[in-house]
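Peer 1:
Numbering (the numbering used here), first residue to last: 203 to 453.
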């Protein structure tokens, strides 16, 4: 890693130096998290032609990011943060932007993200946020200007709670803001003033091939999404839906 042109063999020492002396940490290889790691109060970017994951969290390891900005690359080849089976990500007060290959990939993981923004990511990936077989809580999260071949936010076979969050101004190849696909019994809950607006496509598409998918919408605003092919701009669902005090528009 580098801070300016100062080289460091150890990532954590580079972070400590940047926090004391100023400047961003530029990594030239992926940081492999094999036990518990906490990173705070730093900006991280790539050095030279680096195009890999910034963090790869091994099975059963835990990564905590607090007040961390990750500035990705239009040439990125993988998600900024990749989570292995039974790993944990706790992320608060942070931001991931400009990572074409996506921001978060979680498979079999536990994810808790609060007060964090995701911008301009996912253009060459399946999605900006990809959750598979995971337990996820998003609170005070903004996903804006993102994209994906499937959708900006893709939820597959996962239990997810989204509260007080914004999914706004995104695009995708499928024309969906949040794509939920289920093959077993899971629940996705969106509540507490969450807004899904101004996306190029339907707000939510929920589909359950096998098993039982429950989609709970409580106090959610879904409007000003511009669907095509005569589809609704609100919610398209092939699943059980419970709706409480929503504001949903088909436009």
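Yeah, the Cβ is synthetic: ideal placement off N, Cα and C, and Gly gets one too.
1. Let me make sure I understand the geometry here. Which of 303, 212, 309 has the alpha-carbon closest to that of residue 287?
2. Judging by CA-CA distance, which residue of 378, 337, 420, 254 is the nearest neighbour of residue 409?
3. Please list, in chain order, all residues of the same chain as residue 335 whose beta carbon is under 8 angstroms from its beta carbon, the five residues on each side excluded.
4. Compare the C-beta of residue 321 with all C-beta atoms of chain E and state if any pair is closer than 7 angstroms.
5. On a Cα-Cα basis, can you pick out the residue from 382, 422, 399, 397 that is closest to residue 467?
6. Kindly indicate which three-state DSSP category residue 210 falls into: helix, strand or coil?
7. Tell whether a beta-carbon distance below 7 angstroms holds between residue 290 and residue 255.
8. Which same chain residues end up closer than 6 angstroms to residue 342 when comparing Cβ atoms and leaving out the 5 residues on each side of it in sequence?
9. Identify the residues that DSSP records as bridge partners of residue 199: which are they?
10. Check whether the Cβ atoms of residue 298 and residue 320 lie closer than 7 angstroms to each other.
11. Classify residue 219 as helix, strand or coil using the three-state DSSP reduction.
12. What do you get for residue 437, buried or exposed, if any count of 16 or more other CB atoms within 10 angstroms of its CB means buried?
13. Does DSSP put residue 262 in a helix, in a strand, or in coil?
14. For residue 403, write down the residues that DSSP places opposite it in a beta bridge.
15. Under 7 angstroms between the Cβ atoms of residue 328 and residue 354?
16. Residue 337: which of 390, 345, 323 sits nearest, CA to CA?
17. Return helix, strand or coil for residue 231, following the three-state DSSP convention.
18. Mapping the DSSP letters down to three states, classify residue 388 as helix, strand or coil.
19. Under the rule that 16 or more other beta-carbon atoms within 10 Å means buried, what is residue 445, buried or exposed?
20. How far does the beta strand (DSSP E) with residue 439 in it reach, from first residue to last?
21. Whose CA, out of 426, 417, 386, lies closest to the CA of residue 463?
22. Which of helix, strand or coil does DSSP assign to residue 330?
23. Among 372, 411, 205, 296, which has the Cα closest to the Cα of residue 249?
24. Are there any heavy atoms of the ligand GTP lying less than 6 angstroms away from the beta-carbon of residue 240, as far as the coordinates show?
25. Looking at the strands, I want to know which residues DSSP matches up with residue 248.
26. Let's see if you can read the secondary structure: which residues bound the beta strand (DSSP E) around residue 346?
27. Please report the distance separating the alpha-carbon of residue 347 from that of residue 312.
Peer 2: Reading it off the structure:
1. 309
2. 378
3. 309, 310, 358, 359, 360
4. Absence of chain E from the displayed structure is noted, only one protein chain being present.
5. Any property of residue 467 remains undetermined from this structure, which presents the chain solely from 203 to 453.
6. coil
7. no
8. 316, 317, 366
9. Lying before the first or after the last residue shown, residue 199 is absent from the chain, which here runs from 203 to 453.
10. yes
11. helix
12. buried
13. coil
14. None; residue 403 has no bridge partner.
15. no
16. 390
17. coil
18. strand
19. exposed
20. 437 to 440
21. Any property of residue 463 remains undetermined from this structure, which presents the chain solely from 203 to 453.
22. coil
23. 205
24. This structure lacks the ligand GTP, and indeed carries no ligand of any kind.
25. 229
26. 344 to 346
27. 25 angstroms
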